[in-house]
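Notes follow once the structure below has been shown.
Protein chains: 2
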Amino acid sequence: MVRPRSFDEDAVLEGAMGLFWRRGYDGATLEALDRATGLNRGSLYNAFGDKRGLFLASLRRYVRLEIDPAVNAVRTAPNALAALAVLFPPGTTVDRRGCLICKAAAEIAPMDPEVAEIAREAYRPLREALSEAFAASQTQRHPEHLAALVVAAYQGTKIMANAGESAEKIAKVAAGASAVVTN
Amino acid sequence: MVRPRSFDEDAVLEGAMGLFWRRGYDGATLEALDRATGLNRGSLYNAFGDKRGLFLASLRRYVRLEIDPAVNAVRTAPNALAALAVLFPPGTTVDRRGCLICKAAAEIAPMDPEVAEIAREAYRPLREALSEAFAASQTQRHPEHLAALVVAAYQGTKIMANAGESAEKIAKVAAGASAVVTN
DNA sequence: AGAGTTATTGACCGCGTAATCAATAACTGC
DNA sequence: GCAGTTATTGATTACGCGGTCAATAACTCT
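Those protein sequence lines, which keep their order, are chains P and Y. Using the working numbering, you'd call the opening residue of the first sequence number 318 and step up by one each time. Using the working numbering, you'd call the opening residue of the second sequence number 318 and step up by one each time.
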């Protein structure tokens, strides 16, 4: 009775998300989004409403693919140090794209309540999981506060990455977090 | 021999900086910049070259007015806790504008090396001052790492502010930092 | 097979944008 | 006060942008 869609929605979002991540919201033009998704303008609008709709869908996909797995890894980490290693994996290179959610928070959230809510909700589970990991390892007196500190620092390193800060500088943040937990 | 400028450059930058801070780079249109600065288009271009030039000048003014004073306050703080209170003043409301430098880092730095450098340099003195404050209070084993952690967390709270996070949530980050220093 | 519904295509549009420029004004040094 | 230099004005421009739309294609159900 209807013509089915000829594209894989997740593949389309993969392309859109990648472009928003690299170029930001304003920097991602519809022409570039056409190319990145392989879809043409009209199909994009038919499927997602408008540019903002595509952006919101990309944000949700980012949370699902980039943040939720980290939350699960923290939940199953054997101890606090291992949980930290999820957020600050040792010996990795710096991804200058930073974090799509942090970029959206800075660029769009002040003018778009829905984006703001997505940004707030994105990191809450991570704080909670980290708080439980800290509480479980018994050595910390204020697990909730320390979790808030570490997650904020994690977001900070994503901004530093956008500014092109070196891996050494970012590793110092990780070292600071480890020192705190090792106390 | 020449016609002098009829405007106060710092007052003009005050207006431009405020608009960039509230609306971001792309969100600040030249028409709005005209209004915010009181200058008309041509004068703005004569004085600053182009929109990007005005933005760079605004960033530098922000560092001078918003970050440098904090660095000095940290330098003269009597102890580590007092230094922390400079970054996280107790009982203040959340300024949803966040930090202009962090916004610029997220939005512009990936595409503009000069903005990236300004962003990197802006927070370096703060890290150094904080590191010395921690070292001076003797109680911390890794002052440089802890300073990196705290400054990253500070930047994180600015992103949280952009996302509309509550004062309570942000206070937890501050509490976490204090707990670390009090160890 | 035909009717009905939705997806796709790609040309098209209006608008807001950053930037320009010729004309004019304001000031200084001689 | 005149020549020379720079600042100001504001109308104008070219263009890239997000968004639209009529025509066509693809599919399902009866």
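For each residue, glycine too, the CB sits at the ideal point set by N, CA and C.
Here Y/Ser375 is buried: its Cβ has 16 or more other Cβ atoms, across all protein chains shown, within 10 Å. Within the region 338-383 of chain P, no run of beta strand (DSSP E) reaches 3 residues while sitting entirely inside it. By the rule that beta-carbons nearer than 8 Å mark a contact, P/Glu424 touches chain Y. Residue contact check for P/Glu461 against chain Y: a CB pair falls below 8 Å. Approximately 13 Å separates the beta-carbon atoms of P/Leu361 and P/Leu373; this is outside 8 Å, ruling out the contact. In this structure P/Asn389 is exposed. Its beta-carbon is surrounded by fewer than 16 other beta-carbon atoms within 10 angstroms. Taking the C-beta atoms as reference points, P/Ala421 is found no nearer than 8 Å to Y/His462. Pairing Y/Arg414 with Y/Glu383, the inter-Cα distance amounts to about 13 Å. Counting along the chain, no alpha helix (DSSP H) covers P/Gly415, and no H or E run does either.
Taking the CA atoms as reference points, P/Ser454 sits about 15 Å from P/Ala496. DSSP, reduced to helix, strand and coil, places P/His462 within a helical segment of the structure shown. Linking Y/Ala399 to P/Pro395 through their CA atoms gives a straight-line distance of about 36 Å.
The C-alpha of Y/Ala464 is placed about 33 Å away from the C-alpha of Y/Asp343.
Y/Val497 has a beta carbon lying within less than 8 Å of a beta carbon in chain P. Looking from the CA of P/Val498, the closest CA among Y/Ser323, Y/Val468, Y/Arg458, Y/Met477 belongs to Y/Arg458. Interface flag for P/Lys368 against chain Y is unset, since no Cβ pair is found closer than 8 Å. Less than 8 Å divides the Cβ of P/Leu336 from the Cβ of P/Ala353. Using a Cβ distance threshold of 8 Å, Y/Met477 and Y/Lys489 do not count as a contacting pair.
Listed in chain order, the positions of the region 337-364 of chain P with a beta carbon within less than 8 Å of a beta carbon of chain Y are Arg339, Arg340, Gly341, Asp343, Gly344. A check of alpha carbon separations from P/Ala423 across P/Ser483, P/Asp327, P/Asn479 identifies P/Asn479 as the nearest.
DSSP places P/Gly493 within a helical segment (H, G or I) once states are collapsed to three. Secondary structure of P/Pro386 (DSSP, three-state): helix. No Cβ of chain Y is located within less than 8 Å of the beta carbon of P/Val380.
For P/Gly415, at least one C-beta of chain Y is nearer than 8 Å to its own C-beta. In this structure, P/Val411 keeps its C-beta atom at 8 Å or more from the C-beta atom of P/Val403. Neighbours of Y/Ala433 in chain P, taken as residues at a C-beta separation under 7 Å, are given in chain order as Ala480, Gly481. By the CB criterion at 8 Å, Y/Ile425 and Y/Ala439 fall outside the cutoff. Identification of residues in the region 439-456 of chain P having a C-beta nearer than 7 Å to some C-beta of chain Y yields an empty set.
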